[in-house]
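Below is one structure, written out as structure tokens; comments come after it.
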Amino acid sequence: MKRLIPAALVVFIISLFVLSSSAASKSGMNGTDPTYQSQWTKVDSLERKGLYRMALEEVGKIFDEASKSGHHNQVIKSVLYELKYNSYLEEDDYVLGIYRLDELAAKAPSPSKEILHSLIAEVYWGYYSSNSWKFADRTNVVDADLKDIRTWDLKRIAEKIRYHYFLSLMNKEISQKALISDYNEIASYTSESSEIRPTLFDFLAHRALDFFKNNSFALPGPAETFVIEDEKYFGSNSTFLSINPVTNDSLNTQFFAVRLLQELTRFHTEDKNMAALFEVDLERMKYLQYKSVHPDKDELYYNSLHALTTAYEKVPYVSEAWYEIALIHSLRGDTYNHLADTTKRWDKKIAVEICTKIAERYKDTYGANQCLALKSTIEQKNLYLQGEEAVAPKTSSKFQVQYKNLNKFYYKIASYDYKKYNNNRTDYDKFIKELRTMKPLFSKEVDLTNPGDYQNHTTELLIPELEPGFYFIIMASNEDYSDNKSAFAFMPLWVTDITYQSRSMNEKSQIMVSNRTTGFPMAGAKVNVSYQEYNYKLRYYENKSIGTFTADENGIIEYPHADEYRTYMISVSHNGQTYAPNQGIYDYNYYYYNNYNEDYVTYFFTDRKIYRPGQTIYYKGICVKYDDKERSVMKNWATLVRFYDVNGQLVGEKSVTTNQFGSFEGSFTAPYDVLTGNMSISNDYGSTSFRVEEYKRPKFSVEMNPVEGEIKVNEKSPQQDLPRPMPVTDLTEQK
415 MKRLIPAALV VFIISLFVLS SSAASKSGMN GTDPTYQSQW TKVDSLERKG
465 LYRMALEEVG KIFDEASKSG HHNQVIKSVL YELKYNSYLE EDDYVLGIYR
515 LDELAAKAPS PSKEILHSLI AEVYWGYYSS NSWKFADRTN VVDADLKDIR
565 TWDLKRIAEK IRYHYFLSLM NKEISQKALI SDYNEIASYT SESSEIRPTL
615 FDFLAHRALD FFKNNSFALP GPAETFVIED EKYFGSNSTF LSINPVTNDS
665 LNTQFFAVRL LQELTRFHTE DKNMAALFEV DLERMKYLQY KSVHPDKDEL
715 YYNSLHALTT AYEKVPYVSE AWYEIALIHS LRGDTYNHLA DTTKRWDKKI
765 AVEICTKIAE RYKDTYGANQ CLALKSTIEQ KNLYLQGEEA VAPKTSSKFQ
815 VQYKNLNKFY YKIASYDYKK YNNNRTDYDK FIKELRTMKP LFSKEVDLTN
865 PGDYQNHTTE LLIPELEPGF YFIIMASNED YSDNKSAFAF MPLWVTDITY
915 QSRSMNEKSQ IMVSNRTTGF PMAGAKVNVS YQEYNYKLRY YENKSIGTFT
965 ADENGIIEYP HADEYRTYMI SVSHNGQTYA PNQGIYDYNY YYYNNYNEDY
1015 VTYFFTDRKI YRPGQTIYYK GICVKYDDKE RSVMKNWATL VRFYDVNGQL
1065 VGEKSVTTNQ FGSFEGSFTA PYDVLTGNMS ISNDYGSTSF RVEEYKRPKF
1115 SVEMNPVEGE IKVNEKSPQQ DLPRPMPVTD LTEQK
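Position one of the sequence shown corresponds to residue 415 (the numbering used here), numbered consecutively onward.
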């Protein structure tokens, strides 16, 4: 949620968490050095010298002294430094670090205990994230060493993460009274963030909430898991708190996120902190809009944002809700299509009006700054050119201009050296500057119709008659084409009678040169064929010519393939004209890459693409033999079909024999008690994939009454049938 108290509790370093030493604790303590400044200075000095063991000893002294004095800032900070130095000194630093944290959390007083539990949860997830590949093929572990995380399975880690995040929120009567501003050694904050997340409880709860909102454990669970489908979740605080969500899925992160949002909502409803309550409400709405499965969630989200703007009108942070509303209108405006859906044409204008009003009313707030950025994006001037790559000489032709937020634009046409443009070593910034300042052969000012809807519009313009050559059409929204945040666009243009077509054959390629207007072949045309090869010494691509060829009476030239993939550049000259487009022909020796004797392929098919655990997977295969360009089905051919789960482990295998049509069929059962996801059926010559998931069946059916009378083409059907809810008995009877 942007700049709220950052998760600066820890920084992930060498698979552990460590804090930088900065400001000292504000809490008073016994001793002549209440800030521990001299001790931390010594620690930093030893660290810079690489004396980590000596630094660790000094950190231990700080920990002992801070523990006796009850100064939580210094206790936590010293623990994190201890973990850091152990990671340098011990081979099994992660195992030792987690064991050390568990040991400290067991005997630490509150609220140090809660902070340590939050840290432990994140360390567990960090270990899994860094070593997830080790868990991919690991089944449930029964006799695991509870102290050695390396022997655990994912379920045990998930349970530990959940457990420690919950423990971090225990003793809330203490953490809810502890101001976050008193913990400047372990959490950076601003005056604004301390207002909307004022307590240590807010800090810890949001750390847990951020985890459960953004992660899932990807473990198999019950068929009926927790989903957010009730519109009451989008309701007022009292409505939201009246919900009692339940689930049989003990590791469903969505469920825990909802419960944490309820806990934060209840806390700030009771302490009447309107700024903090608004931020929790807005976070709830944004999370629900992302995770809810309600069919009208977008409309519910939009309405709930408007409800927030009314309920928190006097809270400056409400500007963030207005920004979200403006963003919705802007995104709706993106769906405008003048040839199809025109209902959202003016939504971008609505967004601009909202942003203007909010930036004025709630000046200098975070939401107001977001509105200004959105408004600037919507109001940005755009130009885009589209037209033919080449046109015939002395012939007027059209090109299309797409523009946005412009009342007029200027364009010019200037000639350019095509060899310079095609060498692919152009400094782009220098090239654009050159285009802006080029003297034109033709220039014009064009007035546009700008309806003020902040949408893209198009118009067509004529290119005047031009002599053969290479040109650029250059366009800008200001008359001097200067780079002052104006709209700018350009397009290369060839003016020539020449055109060509290409085709690949087995061991060679052909180029046919013809007249662009008449289509007649250009006999005698000179065609240069080249390719680019990277020069590792000069560090750029060099042009390598394979030769210049003369077109025959049919305008055709032939050139040989290379025995590798290659992009060829073509340049054609005839009667004083040249045509050398800066685009290649992707070509290779087809015969070289397909010169094989025979090959076998199995094409697999399944009756569905998604199954639930325990369902039958019906499959069919067709076996084909390729012999050069000939193909035939494999009759009475035996093969072994294998079924692999999401971890690539073999679930089952069956021997099958094809029939007279080269096909076979069979079935497997989707496995229980394994990780769900993409699974596959294959043999040595082909495979197909599908998903095995716990999914909900559709809860509606459609029934059509018999059509009465005759219906003609383009005539509307009188049917008015709508989907109806499907009875529970219907659902359970489906297979």
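Every residue, glycine too, gets a C-beta built ideally from N, C-alpha and C.
When you compare the CB positions of serine 733 and cysteine 785, do they come within less than 8 Å of one another, or not? yes
Is DSSP giving phenylalanine 902 helix, strand or coil here? Assigned with DSSP and collapsed to three states, phenylalanine 902 falls in strand.
On the CB-based measure, 16 or more other CB atoms within 10 Å of its CB, does tyrosine 842 come out buried or exposed? exposed
Tell me the rounded alpha-carbon separation between histidine 578 and aspartate 695. In this structure, the alpha-carbon of histidine 578 lies about 25 Å from that of aspartate 695.
Isoleucine 827 to aspartate 911, Cα distance in whole Å? The C-alpha of aspartate 911 is placed about 19 Å away from the C-alpha of isoleucine 827.
Can you find the residues in the same chain that come closer than 8 Å, C-beta to C-beta, to phenylalanine 615, ignoring five residues on each side of it along the sequence? Leu583, Lys586, Ser589, Gln590, Ala592 and Phe681
Reference alanine 937; option with closest CA among Asn929, Ser944 and Val943: Asn929
Of the residues Gly1062, Val1070, Phe1075 and Leu518, which one's Cα is nearest the Cα of leucine 1089? Gly1062
Between the stretch 617-635 and the stretch 518-538, are three or more C-beta pairs nearer than 8 Å? Yes: the two stretches touch, three or more of their Cβ pairs being nearer than 8 Å.
Strictly by DSSP, which residues pair up with tryptophan 908? Ala804 and Phe884
Less than 8 Å between the CB atoms is what I'm expecting for phenylalanine 884 and tyrosine 832, so what's the real figure, rounded? About 4 Å separates the two Cβ atoms, so the contact holds.
Excluding the five sequence neighbours on either side, which residues of its own chain have a C-beta within less than 7 Å of the C-beta of leucine 481, listed in chain order? Residue 481 is actually serine in this sequence, not leucine. These residues qualify, in order along the chain: Val489.
Count Cβ pairs between the stretch 762-775 and the stretch 875-882 that sit closer than 8 Å; are there 3 or more? no
Which same chain residues, not among the five before or five after tyrosine 750, have their C-beta less than 7 Å away from its C-beta? Thr756, Lys758, Arg759 and Gln869
Helix, strand or coil: which one does DSSP assign to histidine 531? helix
Where do the N-terminal and C-terminal ends of the beta strand (DSSP E) with phenylalanine 823 fall, by residue? 822-829
Whose C-beta lies closer than 7 Å to the C-beta of phenylalanine 640 among residues of the same chain, with five residues either side of it excluded? Answer for phenylalanine 640: Pro659, Thr661, Asp663, Asn666, Gln668 and Phe669, listed in chain order.
Three Cβ pairs or more, each shorter than 8 Å: is that satisfied between the stretch 1031-1049 and the stretch 636-654? Flag = no, the stretch 1031-1049 and the stretch 636-654 do not touch.
Under 8 Å between the Cβ atoms of valine 1065 and phenylalanine 1078? no
Between which two residues does the alpha helix (DSSP H) holding phenylalanine 669 run? Start and end: 667-685.
Let's see if you can read the secondary structure: which residues bound the beta strand (DSSP E) around tyrosine 750? It is not in any beta strand (DSSP E) - tyrosine 750 carries neither H nor E in the DSSP assignment.
Can you tell me where the alpha helix (DSSP H) holding tyrosine 715 begins and where it ends? 711-725
Which runs of the alpha helix (DSSP H) fall wholly inside the stretch 724-789 and span at least 4 residues, in chain order? 733-747 and 761-775
Select from Ala637, Lys858 and Gly1035 the residue whose C-alpha is nearest the C-alpha of phenylalanine 1019. The shortest C-alpha to C-alpha distance from phenylalanine 1019 to any of Ala637, Lys858 and Gly1035 is the one to Gly1035.
Check the DSSP bridge columns for serine 1046 and list the partner residues they point to. Lys1039
Going straight from the alpha carbon of leucine 719 to that of tyrosine 495, what length do you get? 44 Å
Provide the residue(s) that pair with glycine 961 in DSSP beta bridges, ordered along the chain. Residue pairing by DSSP places glycine 961 opposite Val943 in a beta bridge.
Go ahead and label alanine 671 buried or exposed: buried means 16 or more other beta carbons lie within 10 angstroms of its beta carbon, across all protein chains shown. buried
Hey, out of Val1047, Asp1059, Ser1094 and Asn1097, whose CA is closest to asparagine 1073's CA? Proximity to asparagine 1073 across Val1047, Asp1059, Ser1094 and Asn1097 peaks at Val1047, based on C-alpha coordinates.
By the DSSP assignment, the alpha helix (DSSP H) with histidine 620 in it spans what residues? For histidine 620, the uninterrupted alpha helix (DSSP H) segment begins and ends at 614-628.
Given that a residue counts as buried once 16 or more other Cβ atoms are within 10 Å of its Cβ, and exposed if not, what is lysine 777? exposed
When you compare only the Cα positions, how much space is there between tyrosine 798 and aspartate 861? 16 Å
Can you grab the Cα-Cα spacing for the pair isoleucine 571 / phenylalanine 626, in whole Å? One Cα belongs to isoleucine 571, the other to phenylalanine 626, and the distance between them is close to 14 Å.
Where glutamine 859 sits in the DSSP three-state scheme: In the sequence under discussion, the amino acid at residue 859 is glutamate, which differs from the glutamine named in the question. Residue state, collapsed to three classes: strand.
Of the residues Gln703, Val927 and Tyr945, which one's Cα is nearest the Cα of asparagine 968? Val927
For valine 1060, which residues from the same chain have a beta carbon less than 8 Å from its beta carbon, with the 5 sequence-adjacent residues on both sides left out? Val1088, Leu1089, Thr1090, Gly1091, Asn1092, Met1093 and Val1106, listed in sequence order.
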